[in-house]
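**Q**
2 protein chains.
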Amino acid sequence: MENFEFFNPVKILFGKGQIAKLRGAVPAGARLLVTYGSGSIKRNGVYDQVMAALEGHTVSEFSGIEPNPAYETLMKAVAVVKRERIEFLLAVGGGSVLDGTKFIAAAARFEGEPWDILAKHAPVNAAVPLGAVLTLPATGSEMNFFAVISRAGTQEKFPFSSPLVYPKFSIIDPQVTFTLPARQVGNGIVDAFAHVLEQYLTYPANAPLQDRFAESILLTLIEEGPKTLANPADYNSRANLCWCATMALNGLIGLGVPQDWTTHMVGHELTALRGLDHGQTLAVVFPAVLIERKQAKRAKLLQYAERVWGIHAGAEDEKIHQAIQNTRTFFESVGVKTRLKDYGVAPNVVESVSKRLAARGWTTLGERQDIGPKEVEAILSHSL
Amino acid sequence: MENFEFFNPVKILFGKGQIAKLRGAVPAGARLLVTYGSGSIKRNGVYDQVMAALEGHTVSEFSGIEPNPAYETLMKAVAVVKRERIEFLLAVGGGSVLDGTKFIAAAARFEGEPWDILAKHAPVNAAVPLGAVLTLPATGSEMNFFAVISRAGTQEKFPFSSPLVYPKFSIIDPQVTFTLPARQVGNGIVDAFAHVLEQYLTYPANAPLQDRFAESILLTLIEEGPKTLANPADYNSRANLCWCATMALNGLIGLGVPQDWTTHMVGHELTALRGLDHGQTLAVVFPAVLIERKQAKRAKLLQYAERVWGIHAGAEDEKIHQAIQNTRTFFESVGVKTRLKDYGVAPNVVESVSKRLAARGWTTLGERQDIGPKEVEAILSHSL
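Chains as they are written, first to last, in the working numbering: chain A, 1 to 384; chain B, 1001 to 1384.
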């Protein structure tokens, strides 16, 4: 096990009716900005629950944060924060609204050009405090300090992180997710699954507890994911999906172990260039990464085959092949296709992605930092 | 899954050489009190590492915190905190030193008789901030807000809890535990294992991720515990034991599920009355609880038998019997005996414990709050 530091001060309020606790959770007397997306929260009752809980507070609103939140949109919110001297941000939505609000929080206190936080890893030294009401189990943004932001003008999509953008609290009421479209639930299951694989499917690092925690999330997603798709209003299976998605990327399972993240970084390019949903890109890229990297990941792929998929018979190569096949089948079973052609994306995207990575000098993806543009081409060739 | 709240802001610094990071972890310029036990930290080099890291700080010391930390001792430390206007406490030791320091932190800021925090659940409204350097993997005190304090004068042992006594940080360097006596390592393994069982072996609550996380810790303790006893200086197995012990009682696996804690509450009486080590009491009481409560815990005992001990053959009652037997054998295998007679304790202790519980009106132990003094007698009758 490698040395690690762990600090996650997000307060989680989980379960039925927890949105009412907003009243005590937001700072008394603070000028609040509630951020949200396209307005689905007005149709499913979440907006009303939030506003009822915030009665008596000074509340402004900023709506229209899109999937793959755009820098251009978020900078309009930054102007609101400055103009109205906002003291606390409340993100109400899924990962895009949460990520976008984290960027608003940092950008509003940033001296200089906020795009540098994303493009140049400029350090975040201050942020407006924020909280969250989650409406879509997927990204884990409710309990971590990461965010991924897009720029429409340049078709770019970059991550940033800072402990200063940890939500002070996150409210997770599984009931408010019952009305989500199946496409978003399926994407969320794939996203959570992929978050675990990025931290688990690397090479052995003498960290058996982290391995078993990761396998616990994978097994529970495989068990509960199809149940919640078949019966969206079943509280328990939806609650279990929600908690899996949060635990998949709150830092815990990645402590002291190598991490990959190739699939996410390549997937971001596919979203930026071709507009695929984030979950769709992961379903396309992950099986391809596993095929291309099956020697580098051999020991963990065998462990994954045995412990997650229960594959005990056959030669090692057969077990690995079957585990990768099962992964693909699982993604498809929750409604997320796993080939670029399923999304009408032509093979020339492979070269486009590779060239963009090369232009940025990103030649060190993967748990061994040995994946560059050429290796990405090889990976994507398995995803056509 | 039941509703839950989770908030754990302890910063963990885990791994080789992390004690040097104390320099940046304690508040600059604060008057510090370093608390420790009998002085083993002076023999194993931990004291020197701590003092080197704290060079330049204003440091006082309070030593002599005993196993099962005594109220009488801790109140002497409270007097030091007040007299020297201490602003930060640094606990260096195992669970007893950490628990004792949490009580010092709360008692030094308590208006009234601090014993009421323990005996009357008086609320803790303020506490001196504290940090910890852990030297014994066992109690999880390094990442929770619980403490258990004894009173020598009245042979009592009571728990208290408050988010105000969360350590600001805890440093866990597995290397400093290499020189621990096997008895303490074995007790620690049993303690961590019992912490998991108290939160897991109850009744099903539609919380499959919490179940699998609990099983992950149990499986890893079964795998790594004997390894670290056989080879105390093997870094990886000791590191894995340390991380299991921390995760066993930092709140995570108990979220949204019923909890028992009968074994701990009865065990505290055995320590208070007969002086058994905490780990010894758990090894004695837990198998007895499982025997007495095997109908109430039937579904989870079967799950435990299958998933933790790999018992798939035989009738249900046989599986349960075997799982309880395996638990007993595991405790014995790490050097902790499981019968009262092994510790020279006569059967009359059963009535003494039962009478004490009755006198305090504690009739609501267990995950269904249906265990009173009579049931405790029945339990302890299996432990002779």
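A virtual CB, placed ideally from N, CA and C, is assigned to each residue, including glycine. Keep in mind it's a predicted model, so treat the numbers as computed, not measured.
Tell me, please, which residues DSSP counts as bridged to G1093(B).
**A** If you number the second sequence from 1, residue 1093(B) lands on position 93. Its beta-bridge partners are L1134(B).
**Q** Straight-line CA distance for E1223(B) to T1329(B)?
**A** By one-based count along the second sequence, residue 1223(B) stands at place 223. By one-based count along the second sequence, residue 1329(B) stands at place 329. The straight-line gap from Cα to Cα measures roughly 14 Å.
**Q** For chain B, check one thing: does any of its Cβ atoms lie closer than 7 Å to the Cβ of N125(A)?
**A** Within the first sequence, numbered from 1, the residue matching residue 125(A) stands at position 125. No, its Cβ sits nowhere closer than 7 Å to a Cβ of chain B.
**Q** Are the CB atoms of S96(A) and P67(A) within a distance shorter than 7 Å?
**A** Position 67 of the first sequence holds residue 67(A). Position 96 of the first sequence holds residue 96(A). Yes, Cβ-Cβ distance for P67(A) and S96(A) is below 7 Å.
**Q** On a CA-only basis, which of Q1175(B), P1232(B), A1108(B) is nearest E1084(B)? Give me that one, please.
**A** The sequence position of residue 1084(B) within the second sequence is 84, counting from 1. Among Q1175(B), P1232(B), A1108(B), the Cα nearest to that of E1084(B) is on A1108(B).
**Q** Check F1110(B) in the structure and name its three-state DSSP category.
**A** Taking the first residue of the second sequence as position 1, residue 1110(B) is located at position 110. Residue state, collapsed to three classes: coil.
**Q** Pop quiz: L1032(B) and S216(A) are said to be a contact at Cβ under 8 Å. What is the actual Cβ separation, rounded to whole angstroms?
**A** Locating residue 1032(B) in the second sequence gives position 32, where the first residue counts as 1. Locating residue 216(A) in the first sequence gives position 216, where the first residue counts as 1. Between S216(A) and L1032(B) the Cβ distance is about 40 Å, and since that is not below 8 Å, they are no contact.
**Q** Are there three or more Cβ pairs, one per stretch, closer than 8 Å when the region 324 to 341 of chain A is compared with the region 240 to 256 of chain A?
**A** Under the 8 Å Cβ criterion, the region 324 to 341 of chain A does not count as touching the region 240 to 256 of chain A, having fewer than three qualifying pairs.
**Q** Taking Cβ positions only, does I12(A) come closer than 7 Å to chain B?
**A** Sequence index remark: in the first sequence, residue 12(A) carries index 12 (1-based). Yes, contact with chain B.
**Q** The beta strand (DSSP E) spanning E1005(B) covers which residue range?
**A** Working through the second sequence from its first residue, we reach residue 1005(B) at position 5. That run of the beta strand (DSSP E) goes 1004 to 1014.
**Q** I need the DSSP call for A1147(B), collapsed to helix, strand or coil.
**A** By one-based count along the second sequence, residue 1147(B) stands at place 147. Three-state result, A1147(B): strand.
**Q** Based on the DSSP secondary-structure assignment, which residues constitute the bridge partners of S170(A)?
**A** Here residue 170(A) refers to the residue found at position 170 of the first sequence. BP columns for S170(A) point to I12(A), A132(A).
**Q** Using a Cβ-Cβ cutoff of less than 8 Å, which residues in the same chain neighbour I86(A) once the five nearest sequence positions on both sides are dropped?
**A** For the purposes of this step, residue 86(A) is identified with residue 86 of the first sequence, where counting begins at 1. Hits under 8 Å: R31, L32, L33, S60, V80, A108, V128.
**Q** Under 7 Å, Cβ to Cβ, is there at least one residue of chain A near P1167(B)?
**A** Here residue 1167(B) refers to the residue found at position 167 when the second sequence is read from its first residue. Taking Cβ atoms only, chain A never reaches closer than 7 Å to P1167(B), which makes this a no.
**Q** Pull up the distance between the alpha-carbon of E2(A) and that of V257(A), whole angstroms please.
**A** As a position in the first sequence, residue 2(A) is number 2, starting the count at 1. As a position in the first sequence, residue 257(A) is number 257, starting the count at 1. Spanning the two alpha carbons is a distance of roughly 6 Å.
**Q** I think P174(A) touches A132(A), with their Cβ atoms under 8 Å apart; what is that distance to the nearest whole Å?
**A** Along the first sequence, read from residue 1 onward, the residue named residue 174(A) stands at position 174. Along the first sequence, read from residue 1 onward, the residue named residue 132(A) stands at position 132. No, P174(A) and A132(A) are not in contact; Cβ-Cβ is about 15 Å, not under 8 Å.
**Q** Measuring only the C-alpha atoms, how far is A299(A) from N1125(B)?
**A** Position 299 of the first sequence holds residue 299(A). Position 125 of the second sequence holds residue 1125(B). Each residue's alpha carbon lies about 51 Å from the other.
**Q** Within the continuous beta strand (DSSP E) that includes E84(A), where are the two ends?
**A** Position 84 of the first sequence, counted from the start, is the residue given in the question as residue 84(A). Neither: E84(A) is in no beta strand (DSSP E) and is coded neither H nor E.
**Q** By the 7 Å beta-carbon criterion, what residues does the region 1241 to 1255 of chain B contribute toward chain A?
**A** W1243, C1244, M1247
**Q** Give me whichever residues DSSP pairs with F1062(B) in a beta bridge.
**A** The residue given as residue 1062(B) occupies position 62 in the second sequence. Under the DSSP definition of a beta bridge, F1062(B) partners with T1035(B).
**Q** Could you give the first and the last residue of the continuous alpha helix (DSSP H) run that contains K1355(B)?
**A** To locate residue 1355(B), count along the second sequence from 1; it is residue 355. Taken as a continuous stretch (DSSP letters only), the alpha helix (DSSP H) holding K1355(B) covers 1349 to 1360.
**Q** According to the Cβ coordinates, are I19(A) and I171(A) closer than 7 Å?
**A** For the purposes of this step, residue 19(A) is taken as the residue at position 19 of the first sequence. For the purposes of this step, residue 171(A) is taken as the residue at position 171 of the first sequence. Yes, they are a contact pair.
**Q** Residues in the region 192 to 209 of chain A with C-beta within 7 Å of chain B's C-beta atoms, listed in sequence order?
**A** N206, P208, L209
**Q** Counting only C-beta atoms, is E1306(B) closer than 7 Å to chain A at any point?
**A** Here residue 1306(B) corresponds to residue number 306 of the second sequence, with the count starting at 1. No - not a single Cβ of chain A is within 7 Å of the one on E1306(B).
**Q** Is it a yes or a no for the region 300 to 316 of chain A touching the region 1001 to 1016 of chain B, going by three-plus beta-carbon pairs under 8 Å?
**A** no
**Q** What does T220(A) touch in chain B if you count any residue whose Cβ is under 7 Å from its own?
**A** Start at 1 with the first residue of the first sequence, and residue 220(A) comes out as number 220. Taking the beta carbon of T220(A) as reference, the chain B residues within 7 Å of it are P1208, L1209, R1212, listed in sequence order.
**Q** Which residues bound the beta strand (DSSP E) around S1161(B)?
**A** Translated into positions along the second sequence, residue 1161(B) becomes position 161. Taken as a continuous stretch (DSSP letters only), the beta strand (DSSP E) holding S1161(B) covers 1156 to 1161.
**Q** Check whether the region 1228 to 1246 of chain B touches the region 1259 to 1269 of chain B, counting contact only when three or more Cβ pairs, one atom from each stretch, lie closer than 8 Å.
**A** no
**Q** Nearest to P114(A) by CA position, among G140(A), D99(A), Y71(A), is which residue?
**A** The count along the first sequence starts at 1 and reaches residue 114(A) at position 114. Checking every option, the nearest Cα to that of P114(A) belongs to Y71(A).
**Q** To which residues does DSSP link A1070(B) through a beta bridge?
**A** Taking the second sequence and counting its residues from 1, the one referred to as residue 1070(B) is at position 70. BP columns for A1070(B) point to S1150(B).
**Q** Can you tell me whether DSSP reads L1365(B) as helix, strand or coil?
**A** The count along the second sequence starts at 1 and reaches residue 1365(B) at position 365. Strand, per DSSP.
**Q** Checking the sheet assignment: what are the DSSP bridge partners for I371(A)?
**A** One-based indexing of the first sequence puts residue 371(A) at position 371. Bridge partners of I371(A): L365(A).
**Q** Helix, strand or coil for D260(A)? Go by DSSP, reduced to three states.
**A** Translated into the one-based positions of the first sequence, residue 260(A) becomes position 260. DSSP places D260(A) in coil when its eight states are reduced to three.
**Q** According to DSSP, is Y1203(B) part of a helix, a strand, or is it coil?
**A** Taking the first residue of the second sequence as position 1, residue 1203(B) is located at position 203. Collapsing the DSSP output to three states places Y1203(B) in coil.
**Q** Candidates G1024(B), P1069(B), G1045(B): which alpha carbon is nearest H1057(B)'s?
**A** Position 57 of the second sequence, counted from the first residue, corresponds to residue 1057(B). When only C-alpha atoms are compared, the closest one is G1024(B).
**Q** Could you work out which residue in M75(A), E55(A), F145(A), K157(A) is closest to L276(A) when comparing CA atoms only?
**A** The residue given as residue 276(A) occupies position 276 in the first sequence. Looking at the Cα atoms, K157(A) is the closest of the given residues.
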